[in-house]
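*Asks:* The listed protein sequences derive, respectively, from chains A and B.
Counting along the first sequence from 1, when you hit position 67 you're at 67 in my numbering, and nothing is skipped either side.
Counting along the second sequence from 1, when you hit position 382 you're at 382 in my numbering, and nothing is skipped either side.
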Amino acid sequence: MKIIKSIFFFLLAAVVTLALIEIYLRKTEILTTIVEIDPIIGEKFIPGKKQTLVNEGFYIGSINKFGYIGPEYPPRKTSSNDFRITILGDSYVAGVELFDKSHFRSILEQSLKYQTKKNIEVMNFGKDGLALSGLFAYRNNFVNKFDQDLTLIFVNYRDFVAKERFFIPNYELQNKKLVMVSEFKNSEKYNSYQKLSWLNQYSLVFLFYKCMNLKSRAWKIIFDKFYTGGEDFKKKYEVETTQTFGFSAVSKAIIDSLAKDPKVMLVLKGSFPDSVKSYIQSTGIKTIDINIPLDSMIKAGSDPNYWKVSKRSGHWNHDAHMAIGNYLSAKTINLIK
Amino acid sequence: MLFNSYIFFIFLAVVLPIYYLLPKNLKKIHLVLASYLFYGYWDWRFCLLLAFSTVLDYFVGLIIFETKDEKKRKFFFTLSICINLAFLGFFKYFNFFIDSFKDLAGGFGQNLDFLHLNVVLPIGISFYTFQSMSYAIDIYRRKLNPTRSFVDYSLFVCFFPQLVAGPIQRATDLLPQIIDLKKPTRLQIEQGIVLIITGLFKKVMIGDTTGRIVDQIFGNQTLYSSGELLMALVLFSIQIYADFSGYSSIARGTSKLLGVELIKNFNQPYLSANITEFWRRWHISLSTWLRDYLYISLGGNRKGNVRTYVNLFITMLLGGLWHGANWTFLVWGALHGIYLAIHKSMTEKEKISDHFIYKNIPKTIIYGFKILGTYLLVLFAWLFFRVRNFSEATYFLTKMIHWESGEYFPRLAGIAGSFMALILIYDGLEYYTKSHTFLLRLRPKAAVVGILTVLFVVVMFYIFQAEPLPFIYFQF
Numbered sequence: 001m002k003i004i005k006s007i008f009f010f011l012l013a014a015v016v017t018l019a020l021i022e023i024y025l026r027k028t029e030i031l032t033t034i035v036e037i038d039p040i041i042g043e044k045f046i047p048g049k050k051q052t053l054v055n056e057g058f059y060i061g062s063i064n065k066f067g068y069i070g071p072e073y074p075p076r077k078t079s080s081n082d083f084r085i086t087i088l089g090d091s092y093v094a095g096v097e098l099f100d101k102s103h104f105r106s107i108l109e110q111s112l113k114y115q116t117k118k119n120i121e122v123m124n125f126g127k128d129g130l131a132l133s134g135l136f137a138y139r140n141n142f143v144n145k146f147d148q149d150l151t152l153i154f155v156n157y158r159d160f161v162a163k164e165r166f167f168i169p170n171y172e173l174q175n176k177k178l179v180m181v182s183e184f185k186n187s188e189k190y191n192s193y194q195k196l197s198w199l200n201q202y203s204l205v206f207l208f209y210k211c212m213n214l215k216s217r218a219w220k221i222i223f224d225k226f227y228t229g230g231e232d233f234k235k236k237y238e239v240e241t242t243q244t245f246g247f248s249a250v251s252k253a254i255i256d257s258l259a260k261d262p263k264v265m266l267v268l269k270g271s272f273p274d275s276v277k278s279y280i281q282s283t284g285i286k287t288i289d290i291n292i293p294l295d296s297m298i299k300a301g302s303d304p305n306y307w308k309v310s311k312r313s314g315h316w317n318h319d320a321h322m323a324i325g326n327y328l329s330a331k332t333i334n335l336i337k
Numbered sequence: 001m002l003f004n005s006y007i008f009f010i011f012l013a014v015v016l017p018i019y020y021l022l023p024k025n026l027k028k029i030h031l032v033l034a035s036y037l038f039y040g041y042w043d044w045r046f047c048l049l050l051a052f053s054t055v056l057d058y059f060v061g062l063i064i065f066e067t068k069d070e071k072k073r074k075f076f077f078t079l080s081i082c083i084n085l086a087f088l089g090f091f092k093y094f095n096f097f098i099d100s101f102k103d104l105a106g107g108f109g110q111n112l113d114f115l116h117l118n119v120v121l122p123i124g125i126s127f128y129t130f131q132s133m134s135y136a137i138d139i140y141r142r143k144l145n146p147t148r149s150f151v152d153y154s155l156f157v158c159f160f161p162q163l164v165a166g167p168i169q170r171a172t173d174l175l176p177q178i179i180d181l182k183k184p185t186r187l188q189i190e191q192g193i194v195l196i197i198t199g200l201f202k203k204v205m206i207g208d209t210t211g212r213i214v215d216q217i218f219g220n221q222t223l224y225s226s227g228e229l230l231m232a233l234v235l236f237s238i239q240i241y242a243d244f245s246g247y248s249s250i251a252r253g254t255s256k257l258l259g260v261e262l263i264k265n266f267n268q269p270y271l272s273a274n275i276t277e278f279w280r281r282w283h284i285s286l287s288t289w290l291r292d293y294l295y296i297s298l299g300g301n302r303k304g305n306v307r308t309y310v311n312l313f314i315t316m317l318l319g320g321l322w323h324g325a326n327w328t329f330l331v332w333g334a335l336h337g338i339y340l341a342i343h344k345s346m347t348e349k350e351k352i353s354d355h356f357i358y359k360n361i362p363k364t365i366i367y368g369f370k371i372l373g374t375y376l377l378v379l380f381a382w383l384f385f386r387v388r389n390f391s392e393a394t395y396f397l398t399k400m401i402h403w404e405s406g407e408y409f410p411r412l413a414g415i416a417g418s419f420m421a422l423i424l425i426y427d428g429l430e431y432y433t434k435s436h437t438f439l440l441r442l443r444p445k446a447a448v449v450g451i452l453t454v455l456f457v458v459v460m461f462y463i464f465q466a467e468p469l470p471f472i473y474f475q476f
């Protein structure tokens with residue numbers, strides 16, 4: 001009886017402590033989950049969620065009630081004077097390393113507003129981990145609901161050849177037509193996710209997932225200088241995250257499809273093999289090469305990916321966002337006038 | 001070796017069982033070796049300096065004690081103090097003075113850039129140097145008989161729980177415990193575990209999380225609004241308290257597991273109703289050291305009011321310089337010196353409160369305002385502690401004058417408020433129960449085990465996915 005009583009009080013105290021820590025983590029925004037799994041578009045942001053992140057930079061922001069990052073513009077434009085640009089891409093576009101006022105979204109919007117005297121709305125649909133199929137699916141199933149006049153899709157070569165993450169839809173060619181396949185929907189993992197979806201919103205569960213994602217580095221983290229396994233975990237991690245399937249027919253078909261939409265422009269970042277570049281050009285899709293402002297920065301001795309405060313390399317820093325915002329403004333202003 | 005790392009707990013899991021099993025004499029050697037391993041984990045070269053300091057003060061202590069000739073005693077005492085200060089001065093202040101001299105020379109058009117040495121600051125040098133110096137001073141003042149055992153003295157200097165960031169122990173407190181090392185009692189083990197886990201929670205979940213935001217904002221102030229900067233300063237006040245008091249708790253807890261009691265270093269400082277009380281509650285081991293070995297040596301309050309205020313000011317000024325080789329630390333110390341002198345002058349003549357009629361105001365509200373006022377004074381001084389130079393401080397203050405709250409001010413205020421609420425609730429419980437281990441009073445004990453298990457597991461998970469930050473006071 002005494003043992004049962006002890007176990008009861010142990011568990012009761014543990015649950016109460018967990019609950020209090022959960023409240024603490026949420027109130028202080030130390031760890032917050034902002035993503036859920038949608039059966040159609042896979043990973044998507046949860047509307048209304050706040051997020052504070054300290055990575056190579058520092059970000060405070062939230063997912064607006066319409067489900068994307070930054071200022072809240074409704075799906076339908078409110079005035080005829082509006083010109084709406086949606087920007088779509090991976091974590092570089094999401095830009096959760098700096099405040100929205102320093103993000104190229106904001107710089108582009110301010111610059112175009114100032115120059116055109118029009119009501120310009122630039123909406124950030126960046127989401128980490130999206131490759132080409134994911135971007136295409138996200139555009140077709142979500143971004144296109146927002147009545148845009150122009151969509152800037154940021155891509156690098158890796159997006160054309162990389163495998164999508166598990167909970168992101170892929171495309172297949174069936175009878176030469178692109179068909180979206182959400183394989184994850186029929187998986188055991190998705191079923192268990194759905195069953196436990198109520199649990200996944202907890203900060204403590206998010207903490208657990210974050211640790212699980214790092215399990216290949218566990219011995220290094222635990223044994224620190226005494227760890228003798230070299231950098232094997234790094235290689236293993238790289239293999240896991242860079243599995244590619246080449247510049248496939250599916251990727252080509254996606255580019256072809258995008259090229260048919262006059263409102264779409266591809267924004268090229270990083271280097272592309274000549275064959276891929278010439279294929280893109282052959283489709284007639286409009287492109288902007290943001291390597292030009294970024295290379296200018298490098299020539300001037302400023303690394304666009306280096307963060308002075310955290311002394312780390314990572315996503316674009318403040319100066320890079322400024323350069324990209326101004327460059328995009330110069331490249332798109334004629335489309336508005 | 002950082003307390004907030006897995007490797008420290010592995011180290012502890014190896015050191016403690018061996019310590020419990022070994023006979024008394026071997027226990028001490030085991031702890032000395034473990035302490036050198038702990039310290040050398042950063043850089044083995046640091047151990048050489050520690051060993052030199054130990055040998056020097058051990059022999060000087062014996063010579064001072066045994067020499068009858070007063071002049072000779074004074075000579076060896078002065079020699080010990082000078083060598084200790086020379087080491088501290090070289091490793092900690094050499095480049096500071098050289099750089100200041102270069103700046104001055106630059107003003108006269110002289111370029112002295114060649115005058116710079118890449119001196120690596122050994123971690124914790126200020127702490128163990130002060131501890132060694134207090135040993136020599138106490139022997140010279142005939143308050144302490146030196147130990148003849150070199151192992152005992154070595155352990156007094158290098159005792160790993162408090163080696164790198166205190167609490168700065170007096171030989172009169174720590175040496176007798178080391179000479180007669182005892183197995184920890186059950187209560188000490190229970191208290192030790194509570195202190196380690198709660199200290200770890202404070203450091204990792206409050207100190208490090210606030211610190212990451214603070215570093216970002218202070219690292220590039222120009223990107224942020226006045227409101228956001230102000231919140232960064234509030235967060236820094238939380239960070240430094242959680243970081244240092246968390247460290248001190250882990251140090252005390254670890255020491256208790258070895259059967260050794262260390263003094264309390266913090267006692268709910270942000271609940272102080274005046275600045276004098278604050279210094280009785282903040283970094284107690286340093287403030288009492290400065291009082292006993294500097295303030296009293298300068299004459300204390302025995303030479304009239306004006307001299308008392310001057311002594312307070314000098315003590316705090318040097319206390320500021322002890323923290324770091326930067327003019328901003330001097331300003332921080334000077335501000336506290338001025339605060340203390342003003343408070344002393346007020347309490348000696350008439351209380352400022354005598355000018356106000358409080359009849360209709362409940363005492364708790366008055367007390368609340370006093371706490372808030374003290375916190376604001378401390379907060380202002382923290383600005384100079386945190387910034388890297390005066391231009392950053394000037395920029396911050398200019399932004400406060402030309403106020404713009406900024407888009408994220410309310411969010412940051414909410415975050416800072418949540419951190420502060422947790423700190424105040426925890427301190428309030430400590431204050432109310434007059435205990436740092438109040439959790440042990442809960443019944444049944446299974447509930448205490450449940451709470452501690454959850455706290456420990458969550459902290460360990462957090463450390464796993466976020467690189468641990470070093471303790472702020474390690475740099476001093």
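Each residue gets a CB set at the ideal place from its N, CA and C atoms; glycine is no exception.
By Cβ distance below 7 Å, which residues in the same chain neighbour F184 (chain A) in space, the five residues on each side in sequence not counted?
*Replies:* For the purposes of this step, residue 184 (chain A) is identified with residue 184 of the first sequence, where counting begins at 1. These residues qualify, in order along the chain: G42, F166, F167, Y190.
*Asks:* Using a cut-off of 8 Å between C-beta atoms, extract the partners of L489 (chain B) located in chain A.
*Replies:* For residue 489 (chain B) there is no data in the structure shown, the boundaries of chain B being 1 and 476.
*Asks:* Quick one: list the residues of chain B neighbouring T24 (chain A), beta-carbon separation under 8 Å, in chain order.
*Replies:* Numbered from 1 along the first sequence, position 24 holds the residue referred to as residue 24 (chain A). The sequence given here places Tyr at residue 24 (chain A); Thr does not occur at that position. The answer, in chain order, is M205, S418, L422.
*Asks:* Can you list the residues of chain B that F208 (chain A) reaches, using a CB-CB cut of under 9 Å?
*Replies:* Residue numbering aside, residue 208 (chain A) sits at position 208 when the first sequence is read from its first letter. F461, listed in chain order.
*Asks:* Using a Cβ-based criterion (distance less than 8 Å to any ligand heavy atom), does F99 (chain A) qualify as near the ligand HEM?
*Replies:* Although the ligand HEM was asked about, the structure shown includes no ligands whatsoever.
*Asks:* Can you pull the chain A neighbours of F464 (chain B), defined as C-beta to C-beta under 7 Å?
*Replies:* Position 464 of the second sequence, counted from the start, is the residue given in the question as residue 464 (chain B). Within chain A, the residues C211, L214, I221 have their CB atoms less than 7 Å from the CB of F464 (chain B), given in chain order.
*Asks:* Under the three-state reduction of DSSP, which class applies to Q201 (chain A): helix, strand or coil?
*Replies:* Sequence index remark: in the first sequence, residue 201 (chain A) carries index 201 (1-based). If DSSP states are grouped into helix, strand and coil, Q201 (chain A) belongs with coil.
*Asks:* Counting contacts by CB-CB distance shorter than 9 Å, is Y237 (chain A) in contact with chain B?
*Replies:* By one-based count along the first sequence, residue 237 (chain A) stands at place 237. With a pLDDT of 47 at Y237 (chain A), under the threshold of 50, the predicted position of this residue should be treated as unreliable, though the coordinate-derived value follows. Output row for Y237 (chain A): interface = no.
*Asks:* Could you confirm whether any beta carbon from chain E is found closer than 9 Å to the beta carbon of S5 (chain B)?
*Replies:* Looking for chain E here will not work: the only protein chains present are A and B.
*Asks:* Using only the alpha-carbon positions, how far apart do F8 (chain A) and P444 (chain B) sit?
*Replies:* As a first step, residue 8 (chain A) is located in the first sequence; it is residue number 8 there, counting from the start. As a first step, residue 444 (chain B) is located in the second sequence; it is residue number 444 there, counting from the start. If you take the alpha carbons of F8 (chain A) and P444 (chain B), they lie about 10 Å apart.
*Asks:* Can you look up Y237 (chain A) in the DSSP assignment and give me helix, strand or coil?
*Replies:* Taking the first sequence and counting its residues from 1, one reaches residue 237 (chain A) at position 237. Below a pLDDT of 50, predicted positions are generally treated as unreliable, and Y237 (chain A), at 47, falls in that range; the measurement from the model is reported next regardless. In the structure shown, Y237 (chain A) sits in a helix (DSSP, three-state: H, G or I).
*Asks:* Taking all protein chains shown into account, decide if Y20 (chain B) is buried (16 or more other Cβ within 10 angstroms of its Cβ) or exposed.
*Replies:* Translated into the one-based positions of the second sequence, residue 20 (chain B) becomes position 20. By the neighbour-count rule (16 or more Cβ atoms within 10 Å), Y20 (chain B) is not buried but exposed.
*Asks:* Against chain A, which members of the region 424–456 of chain B pass a CB distance test of less than 7 Å?
*Replies:* P444, A446, A447, V449, G450, I451, T453, V454, L455
*Asks:* Would the region 31–41 of chain A count as touching the region 103–120 of chain A if we require 3 or more Cβ pairs under 8 Å?
*Replies:* No, because fewer than three Cβ pairs between the region 31–41 of chain A and the region 103–120 of chain A fall closer than 8 Å, the two stretches do not touch.
*Asks:* Under DSSP, the alpha helix (DSSP H) around A285 (chain A) begins and ends at which residues?
*Replies:* Residue 285 (chain A) sits at position 285 when you count from the first residue of the first sequence. In the sequence on display, residue 285 (chain A) carries Ile and not Ala. Note, I285 (chain A): premise wrong, no alpha helix (DSSP H); not H, not E.
*Asks:* Please name the residue or residues paired with K177 (chain A) in a DSSP beta bridge.
*Replies:* On the first sequence, residue 177 (chain A) is found 177 positions in, with the first residue counted as 1. K177 (chain A) pairs with A:Q174.
*Asks:* Quick one: which chain B residues come within Cβ less than 8 Å of F9 (chain A)?
*Replies:* Taking the first sequence and counting its residues from 1, one reaches residue 9 (chain A) at position 9. P444, A446, A447, G450, listed in chain order.
*Asks:* Which of the three DSSP states is assigned to V387 (chain B) in this structure?
*Replies:* As a working mapping, residue 387 (chain B) is identified with position 387 in the second sequence. Under the three-state reduction of DSSP output, V387 (chain B) falls in the coil class, being neither helix nor strand.
*Asks:* Since I believe S285 (chain B) is in contact with I263 (chain B) (beta carbons under 8 Å), could you give me their beta-carbon distance rounded to a whole number of angstroms?
*Replies:* Taking the first residue of the second sequence as 1, we reach residue 263 (chain B) at position 263. Taking the first residue of the second sequence as 1, we reach residue 285 (chain B) at position 285. Indeed they touch by this definition, with Cβ atoms about 6 Å apart.
*Asks:* Answer yes or no: does any C-beta atom of chain A fall closer than 9 Å to that of V234 (chain B)?
*Replies:* For this step, residue 234 (chain B) is matched to residue 234 along the second sequence. No - not a single Cβ of chain A is within 9 Å of the one on V234 (chain B).
*Asks:* Taking Cβ positions only, does T339 (chain A) come closer than 9 Å to chain B?
*Replies:* The requested residue 339 (chain A) does not occur in the structure, where chain A is confined to residues 1 to 337.
*Asks:* Among B:S35, B:L469, B:L379, which residue has its Cα nearest to the Cα of Y339 (chain B)?
*Replies:* The count along the second sequence starts at 1 and reaches residue 339 (chain B) at position 339. Closest option to Y339 (chain B), Cα to Cα, is B:L379.
*Asks:* Can a CB atom of chain B be found closer than 9 Å to the CB of H318 (chain A)?
*Replies:* Looking up residue 318 (chain A) in the first sequence gives position 318. It does: the Cβ of H318 (chain A) has a partner Cβ on chain B nearer than 9 Å.
*Asks:* According to the Cβ coordinates, are R84 (chain A) and D159 (chain A) closer than 9 Å?
*Replies:* For the purposes of this step, residue 84 (chain A) is taken as residue 84 along the first sequence, with counting starting at 1. For the purposes of this step, residue 159 (chain A) is taken as residue 159 along the first sequence, with counting starting at 1. The answer is no: Cβ separation not under 9 Å.
*Asks:* Out of curiosity, what's the CA-to-CA distance linking R142 (chain B) and A136 (chain B)?
*Replies:* In the second sequence, residue 142 (chain B) corresponds to position 142, counting from 1. In the second sequence, residue 136 (chain B) corresponds to position 136, counting from 1. Near 10 Å, if we compare the C-alpha coordinates of A136 (chain B) and R142 (chain B).
*Asks:* If we cut at 9 Å on Cβ distances, does L230 (chain B) have a partner in chain A?
*Replies:* To locate residue 230 (chain B), count along the second sequence from 1; it is residue 230. So, not an interface residue.
*Asks:* Taking contact to mean 3 or more Cβ pairs, one atom from each stretch, closer than 8 Å, check whether the region 201–217 of chain B and the region 232–240 of chain B are in contact.
*Replies:* yes
*Asks:* Which residue marks the beginning of the beta strand (DSSP E) containing L152 (chain A), and which one marks its end?
*Replies:* What you label residue 152 (chain A) is simply residue 152 of the first sequence in a count that begins at 1. That run of the beta strand (DSSP E) goes 150–155.
*Asks:* At 8 Å on the CB atoms, spell out the chain A contacts of G227 (chain B), in chain order.
*Replies:* The residue you call residue 227 (chain B) lines up with position 227 of the second sequence. Result: empty, since nearest Cβ-Cβ is about 12 Å, beyond 8 Å.
*Asks:* Return helix, strand or coil for F236 (chain B), following the three-state DSSP convention.
*Replies:* To locate residue 236 (chain B), count along the second sequence from 1; it is residue 236. The DSSP-derived three-state label of F236 (chain B) is helix.
*Asks:* Could you tell me if T17 (chain A) is buried or exposed, where buried requires 16 or more neighbouring beta carbons within 10 angstroms of its beta carbon?
*Replies:* For this step, residue 17 (chain A) is matched to residue 17 along the first sequence. Classification for T17 (chain A): buried.
*Asks:* Going by beta carbon distance, what residues of the same chain come within less than 7 Å of M1 (chain B), once the five residues before and after it are set aside?
*Replies:* For the purposes of this step, residue 1 (chain B) is taken as residue 1 along the second sequence, with counting starting at 1. I7, F8, F11, F38, Y41, listed in sequence order.
*Asks:* Are there 16 or more other CB atoms within 10 angstroms of the CB of M1 (chain A), so buried, or fewer, so exposed?
*Replies:* Along the first sequence, one-based indexing puts residue 1 (chain A) at 1. The residue is exposed, with fewer than 16 neighbouring Cβ atoms inside 10 Å.
*Asks:* Taking only beta-carbon atoms, is L200 (chain B) less than 9 Å away from chain A?
*Replies:* Position 200 of the second sequence, counted from the first residue, corresponds to residue 200 (chain B). Cβ-Cβ to chain A under 9 Å: no for L200 (chain B).
*Asks:* Residues in the region 98–118 of chain A with C-beta within 9 Å of chain B's C-beta atoms, listed in sequence order?
*Replies:* L98, F99, D100, K101, S102
*Asks:* Hey, does I285 (chain A) have any beta-carbon neighbour from chain B nearer than 9 Å?
*Replies:* Your numbering for residue 285 (chain A) matches position 285 in the first sequence. No, I285 (chain A) does not count as interfacial toward chain B.
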